[in-house]
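full-length UniProt numbering numbers the first residue of the sequence shown as 1 and each following residue consecutively.
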Amino acid sequence: MSRLEKKEDLLLLKHISVEFDGFKAIDDVTTSVAPHEIHFFIGPNGAGKTTLLDVICGKTKPSAGEVDYAGVGNILKLKEFEIVKKGICRKFQVPSTFVNLSVYDNMRIAINHDKSVFGSLMMRKRYLDTRKIFEVLHLVGLDKKSKETAKNLSHGEKQWLEIAMLLVEEPRLLLLDEPVAGMGQAETEKTARILEDIKDRCSVAVVEHDMDFVHSIADCVTVMHEGAVLTEGTSEEVLQDERVKEVYLGRGRDEDA
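1) Around the C-beta of D177, are 16 or more other C-beta atoms found within 10 angstroms, so that it is buried, or is it exposed?
2) Measuring CB atoms only, is the stretch 5-25 touching the stretch 176-194, in the sense that at least three cross pairs come out at less than 8 Å?
3) Mind listing, in chain order, the continuous alpha helix (DSSP H) runs of no fewer than 4 residues lying wholly within the stretch 134-175?
4) According to the Cβ coordinates, are residue 269 and Y248 closer than 8 Å?
5) Pick helix, strand or coil for S235, following the three-state DSSP scheme.
6) Answer with buried or exposed for F81, where buried requires no fewer than 16 other C-beta atoms within 10 angstroms of its C-beta.
7) Can you name, in chain order, every residue of its own chain whose Cβ lies under 8 Å from the Cβ of K79, other than the five neighbours on each side?
8) Classify R172 as buried or exposed, calling it buried when 16 or more other Cβ atoms lie within 10 Å of its own Cβ.
9) Less than 7 Å separating the Cβ of G182 from some heavy atom of the ligand COA?
10) What does F40 pair with, by DSSP beta-bridge criteria?
11) Quick check on I198: does DSSP put it in helix, strand or coil?
12) In the DSSP assignment, find the unbroken alpha helix (DSSP H) run with E80 in it and report its ends.
13) Going by DSSP in three states, N112 sits in which element: helix, strand or coil?
14) Within 10 Å of its beta-carbon, does I38 have 16 or more other beta-carbons around it, so buried, or fewer, so exposed?
15) In the DSSP assignment, the beta strand (DSSP E) including L11 goes from what residue to what residue?
16) By DSSP, does V72 sit in helix, in strand, or in coil?
17) Would you kindly report the start and end of the unbroken beta strand (DSSP E) that includes D28?
18) M107 and A150: beta carbons closer than 8 Å?
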């Protein structure tokens, strides 16, 4: 039985195609993300990886296909904010934190962004929110820096803060776009440990180019090329595939679609 036939898929993309003015950015892609899985999407520039995340989060509507989400059904009819409410949260490559606020205040904004003012001021709720905030900050290693202004954090710490801001929303699926871009080895290794801890809470779908990072924690890897799925499997399986070696050694399209 293939992965795509398993009943426990959290997210199933079926025959997704995306066209921009006649250009096919994604071509009949079928793949899935399982519960509590770290699933990487890799491939050369122009492979369509980021566009696929755009489809999942509702930013881009495909010209064909379905995106079935466990317990919800096809989410393509939903708007971006409705998809977020269903538990799919996305972090883009460039951090978008409130740089002049403290780490803790960033977290409070994240946890209360969709709640009433009255509800957020209730004493018991504030206590529970604070406990949840520090629990998540501990998960990403920022609990000791809760009073630090966000602009003073390192590049990696800013990335971890934004991940934490999404985690307090208790997502079922977290979408990450090149989370270790610009990080040194130590921060990259710590990010790997963070994602391994996160998958106990939710699934993680990641677009990434750092193959050492991918190999260290991937449960499943989907290799994309020119908008289509080239192959899929464990990191060991895909890295041994001659077609993957050819794609990475050859020339891809100039810009990621």
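Here a beta-carbon is modelled for each residue, glycine too, at the ideal position from N, C-alpha and C.
Let's see:
1) On the sequence shown, residue 177 is found 177 positions in, with the first residue counted as 1. Buried, by the Cβ-count rule.
2) no
3) 155-167
4) Given a span of 1 to 257 for the chain in the structure shown, any question on residue 269 remains unanswerable.
5) For this step, residue 235 is matched to residue 235 along the sequence shown. Look at S235 here: in three-state DSSP terms it is helix.
6) For this step, residue 81 is matched to residue 81 along the sequence shown. Flag for F81 reads exposed.
7) The count along the sequence shown starts at 1 and reaches residue 79 at position 79. Cβ neighbours of K79 within its own chain (closer than 8 Å, five residues either side excluded): G58.
8) Your numbering for residue 172 matches position 172 in the sequence shown. Under this definition R172 is a buried residue.
9) Among the components modelled here there is no ligand, and therefore nothing to report on the ligand COA.
10) Taking the first residue of the sequence shown as 1, we reach residue 40 at position 40. According to DSSP, which records beta bridges pairwise, F40 is partnered with V206 and V221.
11) As a position in the sequence shown, residue 198 is number 198, starting the count at 1. Helix at I198.
12) Along the sequence shown, read from residue 1 onward, the residue named residue 80 stands at position 80. Unbroken alpha helix (DSSP H) run through E80: E80 to K85.
13) Within the sequence shown, residue 112 is the residue found at index 112, counting from 1. Here N112 sits in helix by DSSP.
14) Position 38 of the sequence shown, counted from the start, is the residue given in the question as residue 38. Buried, because 16 or more other Cβ atoms sit within 10 Å of the Cβ of I38.
15) Stepping through the sequence shown from its first residue, residue 11 is reached at position 11. Start and end: L11 to F20.
16) Locating residue 72 in the sequence shown gives position 72, counting from the first residue. Correct three-state label for V72: coil.
17) Working through the sequence shown from its first residue, we reach residue 28 at position 28. Element bounds for D28: F23 to V33.
18) Position 107 of the sequence shown, counted from the start, is the residue given in the question as residue 107. Position 150 of the sequence shown, counted from the start, is the residue given in the question as residue 150. No.
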